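Note that the sequence shown covers residues 21 to 202 in our numbering. Positions of the beta carbon are idealized from the N, C-alpha and C atoms, including for glycine. In this text the structure is predicted, and so the values were computed from the model without any measurement. Scroll down for the structure; my scribbles are underneath it.
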Amino acid sequence: MSFSTGGLFFYESVEFARLHIPRESWSETRNRAVTARITQMPKDTSNSRSIIEIKNRISTFSTIELEFFLDDADRVDQKAMLWIACCRVYRFVREFAVDVIRDRYVSYYDVLPPESFDVFFNDKTEENEDLTRIKKSTLLKLRQVLFRIMREADILTDQNEIKKSFLSLQLTSLIRDNNQAE
Numbered sequence: 021m022s023f024s025t026g027g028l029f030f031y032e033s034v035e036f037a038r039l040h041i042p043r044e045s046w047s048e049t050r051n052r053a054v055t056a057r058i059t060q061m062p063k064d065t066s067n068s069r070s071i072i073e074i075k076n077r078i079s080t081f082s083t084i085e086l087e088f089f090l091d092d093a094d095r096v097d098q099k100a101m102l103w104i105a106c107c108r109v110y111r112f113v114r115e116f117a118v119d120v121i122r123d124r125y126v127s128y129y130d131v132l133p134p135e136s137f138d139v140f141f142n143d144k145t146e147e148n149e150d151l152t153r154i155k156k157s158t159l160l161k162l163r164q165v166l167f168r169i170m171r172e173a174d175i176l177t178d179q180n181e182i183k184k185s186f187l188s189l190q191l192t193s194l195i196r197d198n199n200q201a202e
């Protein structure tokens, strides 16, 4: 549930990816990003925590995906890749994307009400007792941040309508190749 740290971190993620040197550990890149203060957060702890989340996301990219992200992807593809990275890192987000967003989209329900998060979360508490310990205020924050990430990734409009995505053929191919490799 650490996705509650912030949003999509679009600009910071691009900058973090640029800082990465091939064959360097992601921890080394993280250390340079902290020193460079790529998040512009006012507090050191907020800056460090945000960069850890960015590192966790960007480090899910294969070498080919990282090169595409930096060299060939347009803004739409970059945002889509960051959404995919969020889904890779946070199981809860991935399951929400598949079980809720995808199901609503293929069923022609084009609005994703915030309450859909609550229903999904309540269903997950039946599978994972640890989730029952999450405070109501934390739950509201998680919902707020997830919807913010989806808006920043162009998954949702400001009115919570699910947007159609038009990804490049190259990104579609990378996604397909990654899914076949799993």
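C-beta atoms of residue i and residue j nearer than 8 Å
i: residue 145; j: residue 151; result: yes
i: residue 148; j: residue 109; result: no
i: residue 36; j: residue 53; result: yes
i: residue 160; j: residue 167; result: no
Backbone secondary structure at residue i - three-state DSSP
i: residue 28; result: coil
i: residue 44; result: coil
i: residue 132; result: coil
i: residue 195; result: helix
i: residue 176; result: strand
Alpha-carbon spacing of residue i relative to residue j, whole angstroms
i: residue 132; j: residue 140; result: 12 Å
i: residue 114; j: residue 62; result: 30 Å
i: residue 102; j: residue 192; result: 14 Å
i: residue 127; j: residue 174; result: 20 Å
i: residue 183; j: residue 58; result: 29 Å
i: residue 27; j: residue 56; result: 20 Å
i: residue 172; j: residue 43; result: 30 Å
i: residue 156; j: residue 92; result: 42 Å
i: residue 107; j: residue 23; result: 10 Å
i: residue 187; j: residue 100; result: 8 Å
i: residue 122; j: residue 130; result: 10 Å
Buried/exposed call for residue i, threshold 16 Cβ in 10 Å
i: residue 73; result: buried
i: residue 136; result: buried
i: residue 97; result: buried
i: residue 50; result: buried
i: residue 70; result: buried
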